[in-house]
Every structure is written in C-alpha cells, then in structure tokens.
Amino acid sequence: MLAGLLGGMLAAALGLGALVLVVITLWITSPYPDDGPAGPLRVAADLWLAAHGAGLVRTDGAGGTTVPVGITPLLLVVLPVWLLHRAGEQSVAHDTGTGTGTGTEADTGTEAGTGTGTEADTGTEAGTGTGTEADTGTGTADADAGLPHSRAPRTAPRTAGRLPRGARRAGRAGDGPPPLRADPTDAVGRVAWLVTGYTLVALAALLHSLTGPLSAEIPDVLVRVPLVAALVAGAGAWKGCGRPPLPNPLRASSGPAERATHAFLPRGGVRVALRAAAAATGTVVAGGALLFCLALVRSAPEAAQSFSRLTGPLPGRIAVLLLAVCLVPNAVVWGACYALGPGFAVGGGGTVSPAAWTGRPDLPLFPLLEALPEPGVPGPAAWAVAVVPVAAAVLLGMTVAGAATGRGAARWRWRQTAAVTVLAALASGAGAALLAGAASGPMGLHALADFGPRWWAAGGAAAAWAAGGGLPVALFLRWWRTPEARVIGRRARRPHR
C-alpha cells in the first residue's frame with residue numbers, strides 16, 4: 001500500500017520536476033524577469049497538468065474575463081505517460097526470493113531450489129545436487145549423473161510456479177534471477193494506490209497554479225488526471241504481470257449465442273482487426289507527417305521571419321522554439337486530418353481542407369501556422385493527398401486477408417472476413433477521432449475559439465475510407481489466394497475446343 005502510494009508520488013514528482021527544471025532555466029537566463037520564482041513554478045505546474053489533457057484558463061487582467069487555452073501539446077504527453085507506465089510495471093515486481101530446505105518449493109511466482117528433492121523452475125536448467133532439478137528448458141548437464149543430457153526424476157509438477165514469458169526471457173539472458181510477479185488481482189490494488197499518490201501531487205500542483213493568471217480547470221484535473229493515470233499505470237501493471245489474457249465475453253458465451261457470434265466473427269478476429277486498424281492509422285499519421293514537412297519546407301522563409309519577430313532575446317527564442325517543437329505532433333495530426341478530407345478549423349469559422357479554405361481569419365503570428373496553404377480554392381494537385389487514406393485502406397485489407405487465408409486455403413468465410421474488416425475500419429475511425437480530439441481545442445475567444453480538426457469528422461472519414469477501400473481488397477485477396485480461385489482462373493484461361 002505505502003509502496004504504491006510513494007511510487008505514484010515519485011512518478012508525478014519526476015515529471016513535474018523535469019518541467020520545473022526547464023522553466024526555471026529559461027527564467028534565470030531571461031534578461032527581463034518580471035516575477036519571482038513562484039511564477040515559473042506555476043507555469044511548470046500548468047504545463048504538467050495540460051500534459052494530462054486538462055484545459056487551461058487565462059484570466060484577462062483588464063476585464064477579468066477568462067480565456068480558454070485548450071490545445072494540449074502532444075509531445076508533453078510522452079514524459080508523464082512513460083513515467084506512469086514504468087511505475088505501473090514496477091509496482092507488481094518484488095525482490096526475488098529463494099526456497100531452501102529438503103523437499104520444499106518456493107511458491108511465490110519463481111522457484112529456486114538448493115537442497116535435495118527440490119525443484120527450481122526459474123527459466124534455466126542446471127543440476128545442483130542429488131535429486132535436484134533446475135527446470136529451465138535448456139537441458140544442461142546433470143551434476144550428479146555426469147551425463148550431458150540426463151534428467152533427474154521430477155519431484156514437482158512442471159506447471160507449478162510457471163513464470164510469465166517475459167520473466168523466462170530475463171532469466172535466460174543471464175541478468176540474474178527474474179523479479180517475482182504479483183497476482184493480477186493483487187495488481188489492481190497496487191495500481192489504485194499508485195493512482196492515489198499521483199493524484200495527490202496533481203492536486204497540490206493545481207492549488208499552486210490557482211494563484212496565477214494562468215491556471216488549470218478544476219473539473220478537468222479531477223477527472224482527466226486520475227483517468228490517464230489509471231489507464232497508463234494499468235497497462236504497465238498488465239505488462240508487469242506477464243500480459244495475462246484479458247476477459248473475453250465472447251469466449252464465455254456458449255450454445256447458440258456462441259455459434260451465432262463466431263459465424264460472423266472468427267476466433268482471433270478481434271486481435272486481427274486491432275492490428276489492421278493500427279497499421280491503417282499509422283499509415284495515415286505517417287502521411288500527415290510527410291504533408292506537414294513538405295508544407296513547412298515550402299514556407300520556411302515565412303516561418304523564420306515570424307520566429308524572429310515574436311521575440312528578441314535568446315531565452316525567449318528558445319521558449320518559442322520549445323513550444324513549437326511540442327506542438328509538432330499536433331501539426332502532424334492536422335496534416336493527417338487534411339489528407340482524410342474533412343481538414344481542420346483555424347478559428348473564426350475558417351476551415352482548411354483539400355476542397356477549399358473557407359473563411360480568412362486573422363491568425364496570430366506563430367512559425368507553425370505559416371505552413372498553412374494559401375487561402376482560396378486549391379488546384380487539382382491538392383487532391384493527390386487522397387493517396388494517403390487509400391494506401392491505409394489497402395494495407396488494412398491486406399492485413400485482414402493475410403489472416404483470413406493461410407497456406408493457400410481459406411481459414412475464414414467471406415462473411416467473417418467482411419466482419420473483421422468492418423470492425424477494423426471502425427477501430428481505425430475511433431483511433432483517428434481520439435487523435436483529432438487530443439490535438440484540437442480552443443486557443444482563445446471569438447476567432448480562436450475553434451482550432452484544430454473536429455473529432456467526429458476525422459473519425460467518420462477514417463472509418464469510411466477504411467471500410468470503402470479495405471473491404472474490397474480483403475475479399476478479393478481472400479478469393480484469389482484460395483485453391484478454388486486458382487482452379488477457376490485456370491479453367492477460364494483454358495481454350496475451348
């Protein structure tokens with residue numbers, strides 16, 4: 001309990017401390033510091049809370065109005081996610097132990113035997129004495145018999161104390177005894193205490209940020225920070241437990257319901273659908289990154305000019321550069337949504353898409369905004385970006401077809417193949433919607449109230465592209481790779497007599 005609580009607080013303190021170090025360094029080197037150390041600390045706390053998806057609110061000193069700042073720099077998310085994942089994984093790992101004594105066995109996740117009649121199942125085989133067996137699956141020499149491949153009689157069932165796959169690999173690597181793994185049911189409590197400690201630090205950062213002109217929204221901190229911590233730390237704990245199988249409601253069903261389900265969704269179909277959706281989403285994101293790089297290279301002189309006009313001193317330029325780098329993943333997602341077709345909003349009712357740039361808002365001066373295309377109706381070359389979602393749909397269909405066929409024979413029926421493809425398209429749309437929602441948000445009032453892609457439009461377009469292009473590809477490849485298709489093709493090419 002205490003270890004999990006302290007682990008969560010340590011993970012939060014490390015992430016917050018890294019941002020404090022950067023902000024304090026920029027404040028110290030600034031030639032015109034207009035606030036004490038409390039100001040930079042509040043800025044670091046705001047940035048750390050924003051990295052968890054919490055929206056920020058800026059108070060206008062003139063009229064006392066609040067201005068929302070809702071876009072999350074996605075690069076900032078990497079640090080707390082990595083720390084939480086490591087903390088969750090380490091929360092289920094303990095110090096190793098050994099079992100000693102005659103006829104005894106250590107029953108704590110690994111087994112190490114040192115006496116007569118004791119079996120150790122630790123991932124390496126080495127005999128240590130009379131009647132002693134170290135069961136590792138490598139079959140080394142038995143010290144008592146003196147033969148290279150002799151084995152002593154087994155004194156304990158082989159399945160007792162079986163280690164997860166990752167722990168066995170660690171044992172074979174020779175890095176010392178692998179850590180003992182907690183039971184999955186016990187890991188839930190450990191993760192809960194870890195999230196509690198993490199949330200306590202987040203609340204302390206929130207209380208400190210409330211005293212400044214820029215602060216995090218209280219409901220967002222109370223909801224999003226524990227949610228992100230629970231999901232990421234839970235994933236790390238699941239990995240630390242050896243990736244045990246997750247509950248499958250389809251597997252628990254029986255009778256006619258199970259047969260009706262598997263008539264459309266084969267066994268392993270969900271895993272294949274998720275893998276195909278990940279491949280399609282990654283292709284779209286890679287295409288968005290390529291579009292952003294090309295646009296930034298095209299507008300490099302304008303971007304450099306706006307960068308130099310924003311600030312003069314070196315610390316200010318470094319701060320602007322760091323902010324631009326943290327927003328690069330957001331720009332990549334914007335480019336991906338542009339390739340999908342819906343585009344993204346630029347405030348003031350303006351929307352940038354391959355069809356046209358509607359509205360001409362007065363955008364602020366920022367280097368990344370110089371990469372936007374010219375206002376007006378783009379030429380036919382703009383529609384060439386459609387190759388990105390088409391390539392993603394083809395890859396999705398090929399992934400599903402590869403699982404539907406094996407060794408030249410159809411493993412799945414055509415309706416099962418179609419169902420898995422549609423499921424993969426829906427998962428791809430959900431991934432695109434999640435990325436679009438994370439990369440967008442308000443940057444102010446009026447003209448900057450709507451900034452970035454709309455999650456529902458991006459998700460719908462990604463699902464439509466994936467289903468419309470992936471379904472014909474998956475069904476055609478499944479038909480073509482079967483022996484029946486080749487027999488039909490040979491008969492069609494055979495000349496009629």
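For the sequence shown, counting from 1, position 417 maps to 417 in the UniProt record's numbering; every step adds exactly one. For every residue, glycine included, the Cβ atom is placed at its ideal position computed from N, Cα and C. Predicted, not measured: the structure shown is a model, and the values here were computed from it.
Asked: Would a C-beta distance cut-off of 8 angstroms place P442 and W334 closer than the cut-off?; Found: no
Asked: Tell me where the beta strand (DSSP E) around F344 begins and ends.; Found: F344 to V346
Asked: Does the Cβ-Cβ distance between G7 and L194 come in under 8 angstroms?; Found: yes
Asked: Have a look at A202, L372 and A44 and flag the residue whose alpha-carbon is nearest the alpha-carbon of E302.; Found: L372
Asked: Within the region 28 to 91, note down every full alpha helix (DSSP H) run reaching 4 residues or more, in order along the chain.; Found: 38 to 50 and 78 to 90
Asked: Is the beta carbon of S91 less than 8 angstroms from the beta carbon of A237?; Found: yes
Asked: From A380 to P367, what distance separates their C-alpha atoms?; Found: Checking the sequence shown, residue 380 turns out to be Pro, not Ala. Whole-angstrom Cα-Cα distance: 27 angstroms.
Asked: When DSSP builds the beta bridges, which residues end up paired with S353?; Found: Its beta-bridge partners do not exist; DSSP assigns none.
Asked: In the DSSP assignment, the alpha helix (DSSP H) including L323 goes from what residue to what residue?; Found: L314 to C326
Asked: According to DSSP, which residues form a beta bridge with A216?; Found: L56
Asked: Hey, how far is the Cα of G469 from the Cα of G459?; Found: 15 angstroms
Asked: Out of A304, P219 and T283, state which residue places its alpha-carbon closest to the alpha-carbon of L365.; Found: A304
Asked: Looking at C-alpha atoms only, which residue of L16, G348 and A401 is the closest neighbour of A418?; Found: A401
Asked: Between the Cα of P68 and the Cα atoms of S209, H85 and L56, which residue gives the shortest distance?; Found: L56
Asked: On a Cα-Cα basis, can you pick out the residue from T25, V422 and A187 that is closest to F264?; Found: V422
Asked: Exposed or buried, W357, counting other C-beta atoms within 10 Å across all chains shown (16 or more means buried)?; Found: buried
Asked: Confirm, please, whether the CB-CB distance from V332 to L75 is below 8 angstroms.; Found: no
Asked: What are the start and end residues of each continuous alpha helix (DSSP H) run of 4 or more residues lying completely inside the region 367 to 412, in chain order?; Found: 387 to 404
Asked: Below 8 angstroms on the Cβ atoms is my guess for G88 versus V23; work out the distance and round it to an integer in Å.; Found: That belief does not hold up - the Cβ atoms of G88 and V23 are roughly 27 angstroms apart, past 8 angstroms.
Asked: Thinking C-alpha only, which one of A280, G349 and A93 is nearest L363?; Found: G349
Asked: Does A432 pass the burial test, meaning 16 or more other C-beta atoms within 10 Å, or should it be called exposed?; Found: buried
Asked: Taking the CB atoms as reference points, tell me whether G429 and A463 lie closer together than 8 angstroms.; Found: yes
Asked: Between the alpha carbons of A12 and L426, how many angstroms are there, rounded?; Found: 34 angstroms
Asked: Tell me, please, which residues DSSP counts as bridged to F451.; Found: V346
Asked: From the DSSP output, in three-state form, read off A432 for me.; Found: helix
Asked: Hey, would you say A54 sits closer than 8 angstroms to V225, going by beta carbons?; Found: yes
Asked: Just tell me which of W465, A93, A319 and G312 has its CA closest to the CA of residue 556.; Found: No statement about residue 556 is possible, as the shown extent of the chain runs from 1 to 497 and does not include it.
Asked: By Cβ distance below 7 angstroms, which residues in the same chain neighbour L310 in space, the five residues on each side in sequence not counted?; Found: V320 and L365
Asked: Taking just the CA atoms, how far does G341 sit from T199?; Found: 39 angstroms
Asked: Give me the residue from S306, S215 and S30 with the minimum Cα distance to G316.; Found: S30
Asked: Using three-state DSSP, classify A439 as helix, strand or coil.; Found: coil
Asked: In angstroms, rounded to a whole number, what distance separates the CA positions of T104 and L10?; Found: Because the pLDDT of T104 is 36, which lies under 50, any placement of that residue in the model is unreliable, and the number read from its coordinates should be weighed accordingly. Taking the straight line from one Cα to the other gives about 38 angstroms.
Asked: So for T358, helix, strand or coil by DSSP?; Found: strand
Asked: Between the Cα of V387 and those of L435, P375 and A336, spot the shortest distance and give me the residue it belongs to.; Found: A336
Asked: Excluding the 5 residues flanking L147 on each side, which residues of the same chain have their C-beta closer than 6 angstroms to its C-beta?; Found: Residue placement at L147 cannot be trusted, given a pLDDT of 37 that sits under 50; what the coordinates show is reported in the next sentence. No residues qualify anywhere along the chain.
Asked: Between the alpha carbons of L246 and R298, how many angstroms are there, rounded?; Found: 48 angstroms
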